[in-house]
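Working notes, beginning with the structure itself.
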Amino acid sequence: MKKILGVVLSLGLIVGLAGCSSQAPAATAASTPEPIKMGRVDAAAHGTNAVAVAVVAVQGDKIVGVSLDEYQFMPADQAKGLANTEGLAAKNYKDPAQVLASKIDNNEYYSKNMKEKAGSTVAYVDNFNAIVEFCEGKTISELEGILSSTPAEKMPVDTVTGSTLADTAGYIKAVVNAAKAAK
């Protein structure tokens with residue numbers, strides 16, 4: 000009798016545990032994310048008196064990070080120049096009263112200048128932040144489509160919320176070119 004009871008209990012336990020198991024195949028290991036690649040370009044995004052530098056991180060076909068700045072000569076007594084401006088690099092400047100400077104690092108000075116000369120109501124850094132936020136998360140082809148379907152003069156107002164820069168399209172093109180250069 001003990002043997003029969005043992006067999007019945009064993010069978011009951013086996014059937015009970017079998018009902019708890021899943022028939023679904025075991026989950027496959029998560030796919031490895033695509034590597035992040037970096038691209039960088041210098042661009043004349045805003046006329047001939049400045050150089051824009053766009054650095055872009057691309058994962059697969061998506062832009063996942065953007066760093067954007069622009070450099071031009073500014074008065075040495077009002078702007079903070081790039082590193083080593085007073086040293087070796089300064090020896091070749093045509094006008095020692097000017098320094099090559101980042102517009103982002105000199106946001107207050109440059110924004111004031113844009114307000115006085117062009118009536119700008121948005122700080123320079125806020126314009127650039129709007130462009131960066133607009134580009135991040137999009138694919139190269141999405142940005143190319145926007146550039147080709149939107150007239151440059153409508154780009155800041157109609158496309159990139161928060162950017163009032165007349166050359167917004169030039170900065171987006173610099174981002175696209177940096178993304179294409181990613182390796």
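Residue numbers (numbering that gives the first Met the number 0): 0 to 182.
The C-beta atom is built at its ideal place from N, Cα and C for all residues, glycine as well.
No experiment lies behind these values; they were computed from the predicted model shown.
Keeping to the same chain, check which residues put their C-beta closer than 7 angstroms to that of residue i; ignore five residues upstream and five downstream.
| i | result |
| --- | --- |
| residue 103 | 68, 124, 127 |
| residue 78 | 98, 100, 105, 108 |
Using a 10 Å radius around the Cβ and a threshold of 16 neighbouring Cβ atoms, would you call residue i buried or exposed?
| i | result |
| --- | --- |
| residue 81 | exposed |
| residue 182 | exposed |
| residue 144 | exposed |
| residue 6 | Confidence at residue 6 is low in this model, with a pLDDT of 47, below 50, so its placement is unreliable and the value that follows should be read with caution. By the neighbour-count rule (16 or more Cβ atoms within 10 Å), residue 6 is not buried but exposed. |
Measuring CB to CB, does residue i end up less than 8 angstroms from residue j?
| i | j | result |
| --- | --- | --- |
| residue 66 | residue 54 | yes |
| residue 154 | residue 177 | no |
| residue 71 | residue 49 | yes |
| residue 119 | residue 163 | yes |
| residue 110 | residue 129 | no |
| residue 39 | residue 173 | no |
| residue 41 | residue 138 | no |
| residue 166 | residue 75 | no |
I believe residue i touches residue j by the beta-carbon criterion, under 8 angstroms. Please report the beta-carbon distance rounded to the nearest angstrom.
| i | j | result |
| --- | --- | --- |
| residue 35 | residue 136 | Not confirmed; about 14 angstroms, so no contact. |
| residue 170 | residue 51 | 6 angstroms |
In chain order, what residues of the same chain lie with their CB nearer than 8 angstroms to the CB of residue i, ignoring the 5 residues before and after it?
| i | result |
| --- | --- |
| residue 94 | 72 |
| residue 175 | 139, 142, 143, 146 |
| residue 113 | 119, 123 |
Which residues in the same chain as residue i place their Cβ atom closer than 6 angstroms to its Cβ, once the five residues preceding and following it in sequence are excluded?
| i | result |
| --- | --- |
| residue 33 | 58, 59 |
| residue 151 | 168 |
Margin query: What ranges does the alpha helix (DSSP H) occupy inside the stretch 88-129, keeping only unbroken runs of at least 4 residues that lie completely in it?
Written below: With a minimum length of 4 residues, the continuous alpha helix (DSSP H) runs that stay inside the stretch 88-129 are 106-117.
Problem set entry | Segments of 3+ residues assigned as beta strand (DSSP E) that fall wholly inside the stretch 42-75 | Complete beta strand (DSSP E) runs here, min 3: 50-58, 61-74.
Segments of 4+ residues assigned as alpha helix (DSSP H) that fall wholly inside the stretch 138-176: List check, alpha helix (DSSP H) in window: 139-148.
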